[in-house]
Amino acid sequence: MPLPDSTPTPPAEAVAPLMRGVAVLHRLTEANGVLSLSALERATGLARSTVDRIVATLARMGYVRLDGRDATLTPRVMELGNAYLAALRLPALLSGRADALADELDESVSLAVADGDGIRFVHQATRRRAMSLSFRIGDLLPAERTAPGPLFATEWTPEEWAAWRTRRQQDPHNRDFPAVPPVVRQPPAGTAASDDFERRTTGAASPDYALDDQLIEPGLVAVSVPVRDPRTGRIACVASVVSHTSRHTAADLRDTLLPRLRTAVATMEEDLRQAPPPESGPSRTGLAVWTGASKQELGREFVESLARGLTVLTAFGEGRAELTLTEVAKATGLARATARRALITYEHLGLVTAAGGAGEGPAHRAFALTPRVLSLGFPPLSRTSLPRIAVPHLRTLTDAVQETTALAVLTESGDEIQYTARVPASHVMSVDVRPGTRLPADRTAAGRLLLEGTPATYTLTDEELEQGVRAIAVPIRDRTGRVIAALNAATHVARRTTEECVRDILPALRSTASHIEADLHTASRFTPVPLT
Numbered sequence: 001m002p003l004p005d006s007t008p009t010p011p012a013e014a015v016a017p018l019m020r021g022v023a024v025l026h027r028l029t030e031a032n033g034v035l036s037l038s039a040l041e042r043a044t045g046l047a048r049s050t051v052d053r054i055v056a057t058l059a060r061m062g063y064v065r066l067d068g069r070d071a072t073l074t075p076r077v078m079e080l081g082n083a084y085l086a087a088l089r090l091p092a093l094l095s096g097r098a099d100a101l102a103d104e105l106d107e108s109v110s111l112a113v114a115d116g117d118g119i120r121f122v123h124q125a126t127r128r129r130a131m132s133l134s135f136r137i138g139d140l141l142p143a144e145r146t147a148p149g150p151l152f153a154t155e156w157t158p159e160e161w162a163a164w165r166t167r168r169q170q171d172p173h174n175r176d177f178p179a180v181p182p183v184v185r186q187p188p189a190g191t192a193a194s195d196d197f198e199r200r201t202t203g204a205a206s207p208d209y210a211l212d213d214q215l216i217e218p219g220l221v222a223v224s225v226p227v228r229d230p231r232t233g234r235i236a237c238v239a240s241v242v243s244h245t246s247r248h249t250a251a252d253l254r255d256t257l258l259p260r261l262r263t264a265v266a267t268m269e270e271d272l273r274q275a276p277p278p279e280s281g282p283s284r285t286g287l288a289v290w291t292g293a294s295k296q297e298l299g300r301e302f303v304e305s306l307a308r309g310l311t312v313l314t315a316f317g318e319g320r321a322e323l324t325l326t327e328v329a330k331a332t333g334l335a336r337a338t339a340r341r342a343l344i345t346y347e348h349l350g351l352v353t354a355a356g357g358a359g360e361g362p363a364h365r366a367f368a369l370t371p372r373v374l375s376l377g378f379p380p381l382s383r384t385s386l387p388r389i390a391v392p393h394l395r396t397l398t399d400a401v402q403e404t405t406a407l408a409v410l411t412e413s414g415d416e417i418q419y420t421a422r423v424p425a426s427h428v429m430s431v432d433v434r435p436g437t438r439l440p441a442d443r444t445a446a447g448r449l450l451l452e453g454t455p456a457t458y459t460l461t462d463e464e465l466e467q468g469v470r471a472i473a474v475p476i477r478d479r480t481g482r483v484i485a486a487l488n489a490a491t492h493v494a495r496r497t498t499e500e501c502v503r504d505i506l507p508a509l510r511s512t513a514s515h516i517e518a519d520l521h522t523a524s525r526f527t528p529v530p531l532t
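Going letter by letter, the sequence shown gives residues 1 to 532 in this note's numbering.
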């Protein structure tokens, strides 16, 4: 992979296939989750054969799927970002407070952490309006064009300031930040851009808040307050209230909403102070065996060093925020030498950082994930919906059973279902239930299942909605086990008996439901997933 002139030379022990795989995930993320294989070839500078092998490996891991000639990120890739967010703990501890503040103020509220000389969002509570925010969890913004930036910069070292100035010289229009428009607001007359940011940083130090007065783009304003770690007094994250000038000016945000933001932040800091110790979940020691078996099955099309390298990121999580080399190897089942080379590669790429410990080299240090892990596919999927998650699985199911399949949810009234996704079968005569269609809940298989709730395992209706229509449905459950949707297949009575529906279609429905649930549970761990 060709490296820019400003990129440091990789260490001799860095894993080249892992670096190439990370580059592919970056390019897919920047392209909002979808790129053709030929576009990936151009974007990465890799040979087409290399791109094909990397995509095949990522597909085997469930991180991408191939839609014709396009590579598309799947919800499972979010497990990489989930590992960072779980280790960070801030979203789990503070997101409820941020959501409550957004409801109270009827404005968007975000939590951001520092990522080098930028900021990266770890939680978003957005308002649904015609004029709404498009920033997503994991999006990276330049510090100088945000309200949180000056607050984080109050803690920068001279070396960090020097790195920021170098970056500003090399990329004055922020073209390396795809989440923001490249147009930079001009600083006050007679003031250089760097001087403007330094002035704002100095101004943020004493009052402990900062404003964004249309720095990202015209109309967007924000006020930010730091949330400090009670153990160290340093900034753990920054909470922001974001609006637009048709509702508030920047000065109005400061005068009217800043006191309520400060109150919420004080409560957040108290939550951090009283937080119980993290609970460590089970490790995934079988991953090394799985990668070996995949290599055995797929041969040279499976890049084992890439797959094993990516499993290293999933070793981290709640209760495992800092891990030594030995702990990483134990958590993944990988050989120490394999884990060591992956950690060296990730440290070079800025995805892990040394978290302390004595001794020279990675064998004696503890490592922690950095916010940059969120750049591996998280932003495009952080606002996905249940229908978007379900549709690829519905296509596979329809191909398998050769019947029209659909996803339905219960409406707020509770007496109707609404279809939210559908994949028709190739029949001259098929059940026509388009997304958005509403039907009486008590006369449909999906509706009866949703009305019955958790105890039901499946329901079947036989010509109760309409003559000739026979349908069977199974539940879709969220992370808590609550039934939130129904997956159904519908057929004509002439094609299948009720016994054949149970024998031939039900197992495929249940298998598909489990795949949808697996993606849903990954996607919804730290982000809300709308049902429609």
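The C-beta atom is built at its ideal place from N, Cα and C for all residues, glycine as well.
| Item | Value |
| --- | --- |
| Residue 439, DSSP secondary structure in three states | strand |
| Beta-bridge partners of residue 195, as assigned by DSSP | DSSP, once it has assigned bridges, lists no residue as partnering residue 195. |
| Nearest-angstrom Cα separation, counted from residue 26 out to residue 42 | 13 Å |
| Outcome for residue 289 when other beta-carbon atoms lying within 10 angstroms are tallied against a minimum of 16 | exposed |
| C-alpha distance - residue 457 paired with residue 425, whole-angstrom precision | 24 Å |
| Contacts around residue 254, its chain only, beta-carbon distance under 8 Å, and the 5 residues preceding and following it disregarded | 209, 211, 223 |
| Residue range of the unbroken beta strand (DSSP E) whose run includes residue 419 | 416-423 |
| Limits of the alpha helix (DSSP H) - the one that residue 427 falls within | It is not in any alpha helix (DSSP H) - residue 427 carries neither H nor E in the DSSP assignment. |
| Boundaries (first-last residue) of the alpha helix (DSSP H) holding residue 488 | Premise fails: residue 488 lies in the beta strand (DSSP E), 483-492, not in any alpha helix (DSSP H). |
| Option in 486, 482, 468 with minimal Cα separation from residue 474 | 486 |
| Residue from 201, 30, 10, 12 whose Cα sits closest to the Cα of residue 377 | 30 |
| Residue 413, DSSP secondary structure in three states | coil |
| Neighbourhood of residue 391 by C-beta distance below 6 Å, restricted to the same chain and skipping five residues each side | 421 |
| Spatially closest choice to residue 509 from 519, 489, 528, 493, by CA coordinates | 489 |
| Assigned secondary structure, residue 367 (DSSP; H/G/I helix, E/B strand, else coil) | strand |
| Residue 173 classed as buried or exposed, judged by whether at least 16 other C-beta atoms fall within 10 angstroms | exposed |
| Segment contact flag, the region 333-348 with the region 380-387, C-beta cutoff 8 Å, min 3 pairs | no |
| Residues sharing a beta bridge with residue 317, DSSP | 320 |
| At least three beta-carbon pairs within less than 8 Å, the region 138-154 to the region 110-121 | yes |
| Within the region 57-92, ranges of the beta strand (DSSP E) (whole runs, at least 3 residues) | 64-67, 70-73 |
| Own chain residues within Cβ distance below 8 Å of residue 163, not counting five before or after | 116, 117 |
| Secondary structure of residue 359, DSSP reduced to three states | Any answer about residue 359 is weak, because its pLDDT of 49 lies below 50 and its placement is not dependable; what the coordinates show is given next. Of the three classes helix, strand and coil, the one that applies to residue 359 here is coil, per DSSP. |
| Closest Cα partner of residue 316 within the set 350, 46, 283 | 283 |
| Nearest-angstrom beta carbon gap, residue 410 and residue 441 [assumed within contact, 8 Å] | 6 Å |
| Per-residue DSSP class, three states only, for residue 170 | helix |
| Cβ-based burial, residue 418 [other Cβ within 10 Å; buried from 16] | buried |
| Contact belief for residue 373 with residue 407 at Cβ below 8 Å, rounded distance in angstroms | Rounded, the Cβ-Cβ distance is 31 Å, inconsistent with contact. |
| Residue 50 versus residue 178: straight-line alpha-carbon distance, rounded | 25 Å |
| Nearest-angstrom Cβ-Cβ length linking residue 200 and residue 150, presumed shorter than 8 Å | 4 Å |
| Identity of the residue in 500, 523, 416, 108 nearest residue 386 by Cα | 523 |
| Nonlocal neighbours in the same chain, by C-beta distance under 6 Å from residue 238, ignoring five residues either side | 112, 148, 151, 224, 226 |
| Contact check, residue 11 vs residue 305, beta carbons under 8 Å | no |
| For residue 345 and residue 14, the rounded distance between their alpha carbons | 5 Å |
| Simplified DSSP state of residue 404, which is helix, strand or coil | strand |
| Distance, residue 9 Cα to residue 74 Cα | 31 Å |
| Check whether residue 298 and residue 84 have beta carbons under 8 Å apart | no |
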